[in-house]
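Our numbering numbers the first residue of the sequence shown as 229 and each following residue consecutively.
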Amino acid sequence: AVADPVAAGRDRLRLARAVLAAAPPLALCGLHTLLFIGHQSSQRASRFWDSQFLAGRDPLDAVRFVADELVAILGGAPTGVDRYDPNLVHPVTDTTFAASWLIAPAAAVAAVAGVAALARRRDGRVLLAAALGAPLLALVASAGRYWPFGANRTNHYLVPLLVIVVAAGADALARRGWRAAREPAGRPRLARLAAAGIVAVLAVLAATPAAAASALHPLWRDRDVIRPVALMVDATTLTRRLYQPGDLVIVGGRLASSGWLYAMGVSDDDPFLPAPAGPPAEAGPAPPVASTVFLTAVGAGEARAALDSLPSPPRRVLLFVLVYDRRGSAAELADLRAAGWCPAAAHDFPQTGTLHELRRC
229 AVADPVAAGR DRLRLARAVL AAAPPLALCG LHTLLFIGHQ SSQRASRFWD
279 SQFLAGRDPL DAVRFVADEL VAILGGAPTG VDRYDPNLVH PVTDTTFAAS
329 WLIAPAAAVA AVAGVAALAR RRDGRVLLAA ALGAPLLALV ASAGRYWPFG
379 ANRTNHYLVP LLVIVVAAGA DALARRGWRA AREPAGRPRL ARLAAAGIVA
429 VLAVLAATPA AAASALHPLW RDRDVIRPVA LMVDATTLTR RLYQPGDLVI
479 VGGRLASSGW LYAMGVSDDD PFLPAPAGPP AEAGPAPPVA STVFLTAVGA
529 GEARAALDSL PSPPRRVLLF VLVYDRRGSA AELADLRAAG WCPAAAHDFP
579 QTGTLHELRR C
């Protein structure tokens, strides 16, 4: 949107039209940043994305970080696929030298050719502003711990733009190679080497769709494997079965609230696992909002503070702790025991969390 007025040149009418056309998407981007990305910035307080932040690095490490991430982006098949997340399926090339030493160099050569080809066109320059400007903005944001940089799932939206640049470069190289092949024999040695290099680059790029398709097999093989936080509906369904008027539901985990609220009140999915024996077979309505407390940190005494703030103690406490915050469970339970609340039962949801039932000691 910003690039359109810049590309409009000095023609006032064209510039005015470009500014008017750019205003709505810029407004949408501003709202998206304020309401969505700004909310995501709570990750600044976490250590989870430290390996993808430029912040906190000395100059040499910063250069190495940027170089490594550019190689990782270019070495994806197709370009830009997440190279790190163990919860996603990956092509076979991700764990081999092919990603860094074959695909990445070939994609880099094609990307340079693509930039050269697109820069000659007005619409191409606009596309380049988006395709190259977005990673640059992500890098700047990573210096302030606002957004991760590199080949990770937060930047998947860049994949189509980057693929267009690489594809445009591959097309330009193919056309150049075809023209060279039709030239008379006896060309200079350097020209023959350049033609051979083009063929090698195109051959590697032609193989990347097959490399990407190799991820389909593990995707199908692991289709029934429980993924992290995949059992949130199971946890909320059991909570609805256990909850009785007078109970207090406490949800612990800095990232737990949105998933819990969605699974409890919005999702129409069925539980993934069979219902455990013991609780009533039918799940009741969601607990009232006034009977649910969310903790920002597990193990910091927030649950006990929430209980102390109530006018009267609840009949029972249902404490859910997200899997990523389980290290604080022992301290939280010990604090509650000191306040007179003893564990009565615990229900584990693999890779999602644990639901603890607590009663007065």
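Idealized CB from N, CA, C, for every residue including glycine.
Within the same chain, Cβ atoms closer than 7 Å to the Cβ of residue 277 are found at 271 and 376, the five residues on either side in sequence being excluded. Taking the C-beta atoms as reference points, residue 548 is found nearer than 9 Å to residue 479.
Here the alpha carbons of residue 367 and residue 437 stand approximately 28 Å from one another. Around the beta carbon of residue 265, a 10 Å sphere encloses fewer than 16 other beta carbons of the protein chains shown; the residue is thus reported as exposed. In this structure, the straight-line span from the alpha carbon of residue 274 to that of residue 281 is close to 12 Å. The C-beta of residue 488 has 16 or more other C-beta atoms within 10 Å across all chains shown, which makes the residue buried. A buried status is given to residue 293, since no fewer than 16 other beta-carbon atoms sit within 10 Å of its beta-carbon. The shortest C-alpha to C-alpha distance from residue 305 to any of 318, 563, 359 and 295 is the one to 318. Setting aside the 5 residues that flank it on each side, residue 297 is surrounded in the same chain by 377, 378 and 379, each with a C-beta closer than 7 Å to its C-beta; the list follows chain order. Pairing residue 424 with residue 434, the inter-Cα distance amounts to about 15 Å. Scanning 491, 530, 475 and 498 for the CA closest to the CA of residue 587 turns up 475. Fewer than three beta-carbon pairs drawn from the region 443-450 and the region 326-334 are found closer than 8 Å, and the two stretches are therefore not classed as touching.
In the three-state reduction of the DSSP assignment, residue 500 falls in the coil class.
DSSP, read as helix, strand or coil, puts residue 452 in coil.
The Cβ-Cβ distance between residue 525 and residue 482 falls below 9 Å.
Per DSSP, residue 262 lies in no beta strand (DSSP E) and is assigned neither H nor E. For the pair residue 468 and residue 397, the Cα-to-Cα distance works out to about 56 Å. Separation of the CB atoms of residue 362 and residue 386 is rounded to 6 Å, and the pair is thereby assigned contact status at 8 Å. In this structure, the alpha-carbon of residue 584 lies about 23 Å from that of residue 539. Residue burial annotation: residue 559 is exposed, with fewer than 16 other C-beta atoms found within 10 angstroms of its C-beta.
Contact between the region 551-567 and the region 518-532 is established, with three or more Cβ pairs separated by less than 8 Å. Taking residue 373 as reference, the option from 255, 283 and 308 with the minimal CA-CA separation is 283.
Excluding the 5 residues flanking it on each side, residue 458 has same chain C-beta neighbours closer than 8 Å at 500, 579 and 580, in chain order. For the region 365-412, there is no continuous beta strand (DSSP E) assignment of 3+ residues that stays within its boundaries.
Pairing residue 316 with residue 443, the inter-Cα distance amounts to about 10 Å.
Note on residue 311: 16 or more other CB atoms within 10 angstroms of its CB, so buried under the neighbour-count rule. Per DSSP, residue 480 lies in no alpha helix (DSSP H) segment; the continuous beta strand (DSSP E) that holds it begins and ends at 475-480. Using a Cβ distance threshold of 9 Å, residue 360 and residue 343 count as a contacting pair.
Of the other Cβ atoms in all chains shown, 16 or more fall within 10 Å of the Cβ of residue 370; this residue is therefore buried. Shown here, residue 293 sits in a helix according to DSSP, grouped into three states.
Where residue 517 is concerned, there is no enclosing alpha helix (DSSP H), because DSSP gives it neither an H nor an E. When the alpha-carbon of residue 484 is set against those of 520, 302, 471 and 354, the nearest one is in 520. Among the bridge pairs identified by DSSP, residue 576 is matched with 582. Annotation: the continuous beta strand (DSSP E) that includes residue 544 extends over 544-550.
Taking 9 Å as the cut-off, the beta carbon of residue 429 is found closer than this to the beta carbon of residue 401.
Closest in alpha carbon position to residue 472, among 514, 582 and 453, is 514.
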